[in-house]
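**Q** Sharing a structure with you now.
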Amino acid sequence: MKNWKRSGKVIKHHITNRVNGGKSTPENLLRFDSERERAWHFLFKNMSFEEVAELLLRTCRMKGRES
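Structure below.
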């Protein structure tokens, strides 16, 4: 298994983004290291966790149709 290098800096990630009305409350925040936070936004921009889950489910369904 690959050993992932972590930056060591932990930052807060909003489950529902502030641009979509999310608040900086404990129930709306997760802690990520900065590299994973950067990767999330590179891949998914400002999509919420729910939007990403739906995107991945649709992708899996489409892939199942190809088989």
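All letters in the sequence shown, in the order written, are residues 355 to 421 by this note's numbering. Beta carbons are placed, not taken as given, at the ideal position from N, Cα and C, and that holds for glycine.
Let's see if you can read the secondary structure: which residues bound the beta strand (DSSP E) around Lys-399?
**A** To locate residue 399, count along the sequence shown from 1; it is residue 45. Lys-399 -> no beta strand (DSSP E), and no H or E assigned at all.
**Q** List the residues that DSSP assigns as beta-bridge partners of Arg-385.
**A** Walking along the sequence shown from the start, residue 385 turns up at place 31. Lys-366, per the DSSP bridge assignment.
**Q** In three-state terms, what does DSSP make of Gly-375?
**A** Position 21 of the sequence shown, counting from 1, holds the residue named residue 375. Residue state, collapsed to three classes: coil.
**Q** Three or more C-beta pairs under 8 Å: does that hold for the segment 396-404 against the segment 365-374?
**A** yes
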